[in-house]
Amino acid sequence: MGSDQRIVRCARVSFGKDEQLDIERDVKLIRYLLEHKHASPFEHVIIALESDKDLWLSILKGLPSPAVQIYYSGGYIWLNLRNYINARDLFPENLEKTLSEHLPATMAVVKNEKPRDYSKDEAYLKERVETNAGWLGLVDSLELGTDMDYYTFVVECPLFVARQWHRHRFGSYNEISRRYVSYEPSFYIPPYLRKQALSNKQASLEEPVEEPWNSMFLKKIGWYIQDLKELYKNMTEKEVAKELARGILPQFMNTRFYWTVPRVSLDNFIALRTHEGAQREIREFATAIRNLVGYRGCDKKLRL
Ligand SMILES: Cc1cc2nc3c(=O)[nH]c(=O)nc-3n(C[C@H](O)[C@H](O)[C@H](O)COP(=O)(O)OP(=O)(O)OC[C@H]3O[C@@H](n4cnc5c(N)ncnc54)[C@H](O)[C@@H]3O)c2cc1C
């Protein structure tokens with residue numbers, strides 16, 4: 000699952016330019032990523048190698064570092080391209096040939112050759128779903144009926160939702176950075192302000208706070224956001240570093256990230272984040288994901 004362009008999209012999301020296609024610059028970027036060890040974009044390419052368990056065990060014995068994660072599930076060895084590049088000497092030669100056909104630019108650079116070709120995604124997204132707090136798209140999936148089937152999503156959501164999301168560690172992320180982008184930030188403003196639940200410290204009720212407070216606070220939120228946007232703009236115009244100026248942007252600010260996740264972790268996310276104890280905004284995203292790709296219950300095999 001994946002392509003040369005997938006790697007580049009996941010790298011360029013830092014600059015908010017993940018939809019851009021410029022093959023010559025893309026190939027230069029792949030070379031740069033490899034040479035400077037900016038390795039996380041390579042995690043969004045997933046390899047499933049049909050094999051018996053013995054090959055997997057022999058690969059594990061030869062791993063150069065415990066940081067290289069290679070899994071076995073449903074008759075396949077599962078790994079991402081970052082792990083493959085770190086452990087490629089341990090794999091059969093025909094895998095390298097297959098990868099070179101699917102990822103001609105990346106594998107050529109890995110092998111110190113001049114790239115002659117470049118592989119593109121068929122479409123930017125397979126499906127896109129809107130929620131009240133943003134949107135998500137299914138970029139790709141590799142479904143072989145195992146607990147380690149893989150999915151890549153792109154998500155646009157407020158910062159506080161992204162913080163909750165990124166606690167789900169079993170998976171890979173690449174996100175926009177306000178150190179790099181200069182376009183005006185956008186913000187989520189809830190349709191109404193939900194009341195604090197009294198029975199559960201972390202939860203909210205569906206009902207809005209009383210009027211006039213609901214309307215008054217919403218108006219003020221809008222004004223403060225407008226003010227902060229202007230202050231941010233003024234600061235960056237006066238050459239305040241973007242990495243510092245961003246400190247004043249509130250948690251309602253939207254961010255965008257790519258998420259590549261194995262089924263077992265995706266099901267864990269769906270179970271935890273569609274639960275009524277989860278925050279309404281992330282619950283809407285988790286429900287949208289469940290509607291898109293279903294829930295298989297692979298997480299239920301875990302005791303903890
Ligand atoms: C309603 C709700 C409230 C929450 N409140 C808070 C909060 O107040 N503060 C806070 O910090 N977090 C909070 N969290 C986040 C929560 O603690 C988890 O970090 C998050 O839900 C990710 O779950 P996970 O660890 O199962 O998933 P992942 O990190 O994706 O891990 C998937 C699975 O891999 C295994 N695993 C991964 N890493 C390890 C490891 N290092 N050791 C052992 N097993 C591992 C586990 O079996 C795990 O279930 C909250 C989550 C929810 C749903």
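Count the sequence shown with numbering that gives the first Met the number 0 and you get residues 0 to 303, in order. Even glycine gets a Cβ: it sits at the ideal position worked out from N, Cα and C.
Rounded separation between residue i and residue j - CA only
i, j, result
"Glu283", "Thr130", "6 Å"
"Leu271", "Ala277", "7 Å"
"Tyr149", "Val260", "6 Å"
"Ser2", "Val44", "7 Å"
"Lys241", "Met0", "35 Å"
"Glu42", "Arg81", "5 Å"
"Glu210", "Leu217", "11 Å"
"Ser198", "Gln250", "25 Å"
"Tyr223", "Val26", "43 Å"
"Asp88", "Gly61", "9 Å"
"Ser13", "Ala285", "24 Å"
"Pro63", "Tyr83", "11 Å"
"Lys36", "Gln4", "18 Å"
"Glu23", "Ala196", "54 Å"
"Glu155", "His101", "28 Å"
"Phe268", "Lys237", "42 Å"
"Thr273", "Glu92", "43 Å"
Residue i (DSSP reduced to helix, strand or coil)
i, result
"Ser140", "strand"
"Val128", "strand"
"Val263", "helix"
"Gly133", "strand"
"Glu121", "coil"
"Phe41", "helix"
"Asn253", "strand"
Residue interval of the alpha helix (DSSP H) (run including residue i)
i, result
"Ile84", "80-86"
"Ala277", "Where Ala277 is concerned, there is no enclosing alpha helix (DSSP H), given that its DSSP letter is neither H nor E."
Cβ-heavy atom distance, residue i to ligand 2, below 7 Å
i, result
"Leu301", "With respect to ligand 2, the structure shown offers nothing to examine, as its ligands consist of ligand 1."
Start-to-end residues for the beta strand (DSSP E) that takes in residue i
i, result
"Val12", "Neither: Val12 is in no beta strand (DSSP E) and is coded neither H nor E."
"Gln19", "Taken as a continuous stretch (DSSP letters only), Gln19 belongs to no beta strand (DSSP E), as it is neither H nor E."
"Val108", "Segment 103-109 is the alpha helix (DSSP H) holding Val108; no beta strand (DSSP E) there."
"Leu217", "Per DSSP, Leu217 belongs to no beta strand (DSSP E); it is in the alpha helix (DSSP H), 212-236."
"Arg193", "193-195"
"Leu243", "Run containing Leu243: none in the beta strand (DSSP E); it sits in the alpha helix (DSSP H), 241-244."
Neighbourhood of residue i by C-beta distance below 7 Å, restricted to the same chain and skipping five residues each side
i, result
"Pro40", "Ile6, Cys9, Ala10, Leu32, Asn173"
"Leu192", "Pro207, Val208, Asn213, Phe216, Leu217"
"Gly311", "The shown model of the chain, from 0 to 303, leaves out residue 311, and the question about it has no answer."
Chain-order list of residues whose beta-carbon lies under 8 Å from that of residue i (same chain, five-residue window excluded)
i, result
"Gln19", "Arg11"
"Phe290", "The sequence shown places Asn at residue 290, not Phe. Here the set comprises Val128."
"Ser203", "Arg193, Lys194, Gln195, Ala196, Gln278, Arg279"
Local Cβ density within 10 Å of residue i, reported as buried at 16 or more and exposed below that
i, result
"Met215", "exposed"
"Thr97", "exposed"
"Pro114", "buried"
"Ser181", "exposed"
"Arg262", "buried"
"Gly133", "buried"
"Arg168", "exposed"
Beta-carbon contacts of residue i that lie in its chain and below 6 Å, excluding the five residues immediately before and after
i, result
"Lys125", "Leu137"
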